[in-house]
Amino acid sequence: MADDAAHRTLTLQILRYNPQEPDSTPRMQPYQLEEADGMTLFIALNEIREKQDPSLQFDFVCRAGICGSCGMMINGRPGLACRTLTKQLTPETTLAPLPVFELIGDLSVNTGKWMRHMSERLATWVHLKTEEVDLQRIEEGMEPELADQIYLLDRCIECGCCVAACGTARMREDFVGAVGLNRIARFRLDPRDAREDAAYYELIGDDSGVFGCMSLLACHDLCPKDLPLQTQIAFLRRKMVVVGLK
Amino acid sequence: MKIIYTDVLIIGGGLAGLRMAIGAKRRGHEAIILSLVPAKRSHSKAAQGGMQASLGNVIKGQGDNEDVHFEDTVRGSDWGADQQVVRMFVNTAPKAVRELAAWGVPWSRVRKGDREVIINGQKVTITERDAAHGLLAQRDFGGTKKWRTCYVSDGTGHAMITAMADQAIAASIPVHERTEALALIHDGGRCYGAVVRDLITGQLTAYVAKATAIATGGAGCLYRVTTNAVICEGIGHAIALETGVATLGNMEAVQFHPTGIFPAGILVTEGCRGDGGLLKDVDGHRFMPDYEPEKKELASRDVVSRRMEEHLAKGKGAKNRFGEHLWLDITLLGENHIKHNLREVYEICHYFLGVDPVKEWIPVRPAQHYTMGGVRTTPTGESPTLKGLFSAGEAACWDMHGFNRLGGNSVAETVVAGMIVGEFISDFCDRSENNVNIPTALVHGYLEREQAKLTAMLTGRGTEAAMDLRVAMQQIMTAKVGIFRRGADLEQAVDELQALLVRSRNIRVRSRAAGANPELVAAYRTQKMLKLAVTVAYGALVRTESRGAHFREDYPRRNDAEWLKRTLASWTNEQDTLPTLRYETLDVKTMELPPGWRGYGTKDYTDHPDTAARQKEVDALREKLAPAGRFAVQKALLPYEELLPPRFRGPNERIDERF
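Order-wise, the sequence lines are chains A and B. Just so you know, the working numbering puts the end of the first sequence at 260, numbered straight through with nothing missing. Just so you know, the working numbering puts the end of the second sequence at 660, numbered straight through with nothing missing.
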């Protein structure tokens, strides 16, 4: 771990644009800074904002790779900035906001608004079989493996990387993305949800849903949480075809 | 200027805020949630290890119940907690975890039969009961007598807030994302809502509500090294303080978590030690049993953090280029366990340290973690001094944690308090005398005042840079108001922080960027944070004893005779540089569990004069009523059930306790 050698000078080429300013036009702006041990893009961007340019906009919350706030294009690939170590990057790195989402300014995009819309549209909550649960009684049982499988899909952090990486999402504004399809796959697994496949077909049984996927699968390759998106989308497509053919 | 009217204004979109909004909505009241970020990204999400609820499903939790959870929590608090509130909490926690189970949280479940676990560094085989198969599992956590912490792998908070936020969407509750409350609107006696800034456009809007609730989480960013998210800046605390009417309780009670990764301070869960992980020093020696022979790595967090720093001070730390640290060894848990039950830990070690925790030790050092103090409320969650203002979760001090919170009790509190306070907010809104009837001039006055403050920083003659002040504050807090505190350091800290506060009134924002303007955001937040920092440091200076996480080297004893009381801070005049402190006595004569030794940490404390008599009274009552069962005993010692909303009263069923 000892590297007392001279640190590199990094150049971050950052796409700047503030839609709140009528005169602002998109442009690339270079920033130089000295790399430090263990430096992440979280540390680098904050240093630039503190010392060089207080107007630079970006989003971080947890800075630990669990909240999904800091998705951005890092040398053209979507990823989480907070856990990207600068030592993995070339001396000159390009940062740009995620495409598809509404731009707030510079590297900040409104993934929250997109995700809320997706959640409302796909009704991404457990549809309870009974209105009131008796909270004094022992909970319903569930097989431990099933709980683990649901959690595996529940690990999605809605960072938007899969949407930014998606060919269909770039062409179809109404495509629900791998994030949306994964949510449906998750509720399909969950016996607490009252919905059947026919109900899911109503939600995703067309080109804005599972049949819009072109199987390019950059979503699977780039998911920061390594969700099994490829198998989930394929499985869901098969199940929805069955409903569609009925 | 724009005004938005609603029944309930919830400031903060984490678990507590979401649950309050859901509760109010179900009772027929319109609620709007303000959130700095999309709700699912709130810091509730970062809770890893789990949520305490005394279900007693696993064999190592057998015999657990509300009484055991109550005693663990009060001991953990070092008797600073309000015991009635703790009772309300422990009775509701099983209901909260079961509600979330019904709402879709994929809690890890018990598998019947034999399994191998690590206890005290040894492999042990335990056998889970058939009757428990498929029910919620519990793991061990610090400061608890039973395995009580329900969990979803080590992404518990993530799974909880995902389900909770989705339920809020199902209930059509609007979340106004990327908005920030700058000031509470009030007339000195009644709170009417808040002035709110849009963090996209920079515009101010007034939100007028019957009930306003602060659920903004903690204030970790007062410190340089914290496990908290960057949004945990204590602004909710500060706007309550700035009313001059609402008070903050016990702000000097700040928890340091033993295992922040070094140097970034990112949390690795207490579940690492609960599941059998060990703390080691530069020589690879497991040192905790030397200090804490009974609880070892699983004493309460304040005790473990102090022991670690004590061991470092003896020169037993390992060194890397960033400084000294200790090691967390979870290699003995095995690859399968780590990659399934501690997978976030695995990812964090992999991405941030380049360490494989299956094979290598993790460098750790205590880091600021939790704000026990908060907006002082009654057990209903309402401010006793500012009508219509409520608070819940980490931002509040109703006061279930006292001077140290147990691991697993915070996410539990967020949901439990959200359930309970949501009902009391609804009761409040149901009463017609609480309808809002204020002149718009008051609202406009507030809007203009807040706009003027921002304009002054943008166009005034200020000279100070906000970030310089903030960095200086964080250094002072970490160096002088940390784990070990000394009178002389604290005096310096108070002086220096006051000086920074005065300078913060002279901030100049250079950037003219339209929209949120990040420099302007940093500026007004820094002003508020400095008031809080002074409040923490001053409270710590005046409290000349050690209790829970507040440890004074010059006053190492807990002193119940003089300090069994809660600090209440208010900011009476905007131009003040210190809060006004008052103290609220905790009454030993009504305690169900009178003060004593915690079962870990130092045995050295000064008794309250009433303790012996109350202990005798409690012992006699316990003996006399024992045949009537534990519920009768409890009721005689500390009645609390009528404090709970009716829908959350009643016992909790367990495998071994049916009704």
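Even glycine gets a Cβ: it sits at the ideal position worked out from N, Cα and C. All values reported here derive from a predicted model rather than from experimental measurement.
For A/Q102 and B/G237, I'd like the C-alpha separation in whole angstroms.
Here residue 102 of chain A refers to the residue found at position 88 of the first sequence. Here residue 237 of chain B refers to the residue found at position 236 of the second sequence. Roughly 38 Å between the two C-alpha positions.
B/V535: beta carbon under 7 Å from a heavy atom of the ligand NAD?
Absence of the ligand NAD from the depicted structure is noted, as is the absence of any ligand whatsoever, leaving it without description.
Check each residue of the region 142 to 172 of chain B: if its Cβ is closer than 8 Å to any Cβ of chain A, include it; give the result in chain order.
V153, S154, G156, H159, A160, T163, A164, D167, Q168, I170 and A171
Return the residue from the list B/I240, B/L329 and B/A230 that minimises the CA-CA distance to B/V269.
By 1-based counting over the second sequence, the position of residue 269 of chain B is 268. Taking only the C-alpha atoms, the option nearest B/V269 is B/L329.
Using a Cβ-Cβ distance under 8 Å, would A/G79 count as near chain B?
Within the first sequence, numbered from 1, the residue matching residue 79 of chain A stands at position 65. So yes, A/G79 belongs to the interface.
Would you tell me roughly how many angstroms separate the C-alpha atoms of A/A16 and B/E348, rounded to the nearest one?
Residue 16 of chain A sits at position 2 when you count from the first residue of the first sequence. Residue 348 of chain B sits at position 347 when you count from the first residue of the second sequence. Low confidence applies to A/A16: its pLDDT is 42, below 50, so where it sits in the model is not reliable enough to give any reading.
DSSP state of A/G258, grouped into three classes?
Taking the first sequence and counting its residues from 1, the one referred to as residue 258 of chain A is at position 244. Looking at A/G258 - three-state DSSP - the assignment turns out to be helix.
Partner residues on chain B for A/D51, Cβ-Cβ distance less than 7 Å:
For the purposes of this step, residue 51 of chain A is identified with residue 37 of the first sequence, where counting begins at 1. Counting only Cβ-Cβ distances below 7 Å, A/D51 has contacts in chain B at R322, in chain order.
Please name the residue or residues paired with B/Q635 in a DSSP beta bridge.
Here residue 635 of chain B is taken as the residue at index 634 of the second sequence, counted from 1. B/Q635 is not bridged to any residue.
Specify, as a first and last residue, the run of the beta strand (DSSP E) that B/F391 falls within.
Working through the second sequence from its first residue, we reach residue 391 of chain B at position 390. B/F391 -> beta strand (DSSP E) spans L390 to S392.
By a C-beta neighbour count over all protein chains shown, 10 Å radius and 16 as the cutoff for buried, is B/N436 buried or exposed?
The residue you call residue 436 of chain B lines up with position 435 of the second sequence. It is exposed - the Cβ of B/N436 has fewer than 16 other Cβ atoms within 10 Å.
Mind checking if A/P205 is an interface residue toward chain B, Cβ cutoff 8 Å exclusive?
Taking the first sequence and counting its residues from 1, the one referred to as residue 205 of chain A is at position 191. Answer no: the Cβ-Cβ gap between A/P205 and chain B never drops below 8 Å.
Extent of the continuous beta strand (DSSP E) to which B/L205 belongs
Translated into positions along the second sequence, residue 205 of chain B becomes position 204. DSSP places B/L205 in the uninterrupted beta strand (DSSP E) bounded by L205 to I215.
Contact list for B/N653 against chain A, beta-carbon separation under 7 Å
Here the question's residue 653 of chain B lines up with position 652 in the second sequence. Those are Q150, listed as they occur along chain A.
Does B/R140 get closer than 8 Å to chain A when you measure Cβ to Cβ?
For the purposes of this step, residue 140 of chain B is identified with residue 139 of the second sequence, where counting begins at 1. No, no contact with chain A.
Please list the terminal residues of the continuous alpha helix (DSSP H) segment that includes B/R445.
Taking the second sequence and counting its residues from 1, one reaches residue 445 of chain B at position 444. The question names Arg, yet the displayed sequence has His at residue 445 of chain B. B/H445 -> alpha helix (DSSP H) spans T441 to T460.
Does any C-beta atom of chain B lie closer than 8 Å to the C-beta of A/L195?
Reading the first sequence from its first residue, position 181 is the one you call residue 195 of chain A. Closer than 8 Å: no.
Which same chain residues, not among the five before or five after A/D204, have their C-beta less than 6 Å away from its C-beta?
Translated into positions along the first sequence, residue 204 of chain A becomes position 190. Closer than 6 Å at the Cβ level, and outside the excluded window around A/D204, lie I164.
Chain B within 8 Å of A/Y9, Cβ atoms only:
Absent from the model: residue 9 of chain A. The displayed extent of chain A is 15 to 260, so no value can be given.
At a cut of 8 Å, does the region 269 to 283 of chain B reach the region 46 to 60 of chain B through at least three beta carbon pairs?
yes
For B/H134, which residues in chain A fall below 9 Å Cβ to Cβ?
For this step, residue 134 of chain B is matched to residue 133 along the second sequence. G155, E157 and P158, listed in chain order.
Please confirm whether A/L71 has its beta-carbon closer than 8 Å to some beta-carbon of chain B.
Locating residue 71 of chain A in the first sequence gives position 57, counting from the first residue. The question names Leu, yet the displayed sequence has Gln at residue 71 of chain A. Chain B, which has a Cβ nearer than 8 Å to the Cβ of A/Q71, makes this yes.
Using 8 Å as the threshold, is the C-beta distance between B/V91 and B/Q84 below it?
Within the second sequence, residue 91 of chain B is the residue found at index 90, counting from 1. Within the second sequence, residue 84 of chain B is the residue found at index 83, counting from 1. In this structure, B/Q84 does not lie closer than 8 Å to B/V91 by Cβ.
Between the beta-carbon of A/W139 and the beta-carbon of B/A171, is there less than 8 Å?
Working through the first sequence from its first residue, we reach residue 139 of chain A at position 125. Working through the second sequence from its first residue, we reach residue 171 of chain B at position 170. Taking 8 Å as the Cβ cut-off, A/W139 and B/A171 qualify as a contacting pair.
Nearest candidate by alpha-carbon position, reference B/A473, set B/A184, B/L223, B/Q452 and B/W362
By 1-based counting over the second sequence, the position of residue 473 of chain B is 472. Closest option to B/A473, Cα to Cα, is B/L223.
By how many angstroms is the C-alpha of B/G409 removed from the C-alpha of B/L242?
As a first step, residue 242 of chain B is located in the second sequence; it is residue number 241 there, counting from the start. As a first step, residue 409 of chain B is located in the second sequence; it is residue number 408 there, counting from the start. When rounded, the distance between both Cα atoms is 28 Å.
Note down, in chain order, every chain B residue with its Cβ under 7 Å from the Cβ of A/D168.
Translated into the one-based positions of the first sequence, residue 168 of chain A becomes position 154. Per Cβ cutoff of 7 Å: P107, A160 and T163.
What does the Cβ neighbour count give for B/R363, buried or exposed, with the cut at 16 atoms within 10 Å?
Looking up residue 363 of chain B in the second sequence gives position 362. The displayed chain sequence assigns Ile, not Arg, to residue 363 of chain B. So B/I363 counts as buried.
In the DSSP assignment, what residue or residues form a beta bridge with A/G119?
Locating residue 119 of chain A in the first sequence gives position 105, where the first residue counts as 1. Answer is A/S122.
Closest residue to B/P367 among B/L185, B/N229, B/R615 and B/A169 (Cα-Cα distance):
The sequence position of residue 367 of chain B within the second sequence is 366, counting from 1. The shortest C-alpha separation from B/P367 is found at B/N229.
Examine chain B for any beta-carbon lying closer than 8 Å to the beta-carbon of A/N32, and answer yes or no.
Here residue 32 of chain A refers to the residue found at position 18 of the first sequence. Yes - at least one Cβ of chain B is within 8 Å of the one on A/N32.
A/C176 beta carbon less than 8 Å from that of A/L243
Position 229 of the first sequence, counting from 1, holds the residue named residue 243 of chain A. Position 162 of the first sequence, counting from 1, holds the residue named residue 176 of chain A. Yes, the pair counts as a contact, with Cβ atoms nearer than the cut-off.
A/C176 at chain B interface by Cβ criterion, 8 Å:
As a working note, residue 176 of chain A is residue 162 in the first sequence. So, not an interface residue.
Could you please tell me which residues of the region 93 to 106 of chain A, in chain order, have their CB closer than 8 Å to any CB of chain B?
R97 and L99
Counting contacts by CB-CB distance shorter than 8 Å, is A/V64 in contact with chain B?
One-based indexing of the first sequence puts residue 64 of chain A at position 50. According to the sequence as given, residue 64 of chain A is Glu; it is not Val. By this cut-off, A/E64 is an interface position.
Which runs of the alpha helix (DSSP H) spanning at least 4 residues fall entirely within the region 169 to 256 of chain A, listed in chain order?
175 to 178, 181 to 185, 191 to 203, 211 to 218 and 232 to 236
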